[in-house]
Amino acid sequence: MKQGIDPQVHKAELEQRKQYEIISTFKKVATDWFKVKSSKGLIEITLKGIWNSLELHIFPYIGNSSIFKIKAKDFTKVMEPLRANGKLETIKRLCQRINEIMFML
1 MKQGIDPQVH KAELEQRKQY EIISTFKKVA TDWFKVKSSK GLIEITLKGI WNSLELHIFP
61 YIGNSSIFKI KAKDFTKVME PLRANGKLET IKRLCQRINE IMFML
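Numbering follows full-length UniProt numbering, with no gaps: position 66 of the sequence shown is 66.
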């Protein structure tokens with residue numbers, strides 16, 4: 001017992017944290033964020049557009065990645081084709097959504 005920390009409790013806490021990181025994929029956290037967003041009175045077509053943009057541009061590339069391991073460069077890489085096609089408004093909206101999702105933690 002170093003510094004008053006029970007090694008078994010510490011080990012259990014580390015394992016629990018590891019499991020939390022495994023199940024906390026970007027898509028899972030985005031789904032939780034979307035539930036909150038949906039409760040804010042937005043109209044259905046707006047909500048559908050928000051979710052569709054994530055499904056089309058983000059989830060196929062990093063949806064299954066741990067939210068704790070995703071870096072800004074990962075999002076930059078995902079959005080490069082959009083930038084190349086001049087889809088700057090789409091990038092702006094995706095960045096807003098990604099920021100909201102990431103700050104949910």
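Positions of the beta carbon are idealized from the N, C-alpha and C atoms, including for glycine.
Since the structure is predicted, the reported quantities are computational estimates derived from the model, not experimental observations.
I believe T25 touches S53 by the beta-carbon criterion, under 8 Å. Please report the beta-carbon distance rounded to the nearest angstrom. So it is not a contact: roughly 18 Å between Cβ atoms.
Requested in this report: Out of Y61, E55, K28, state which residue places its alpha-carbon closest to the alpha-carbon of L105.
Outcome: K28
Proximity below 7 Å, CB of I62 to CB of I70: yes
Can you check whether the CB of L82 is closer than 7 Å to the CB of T90? yes
Are I101 and W51 touching if we call contact CB-CB under 7 Å? no
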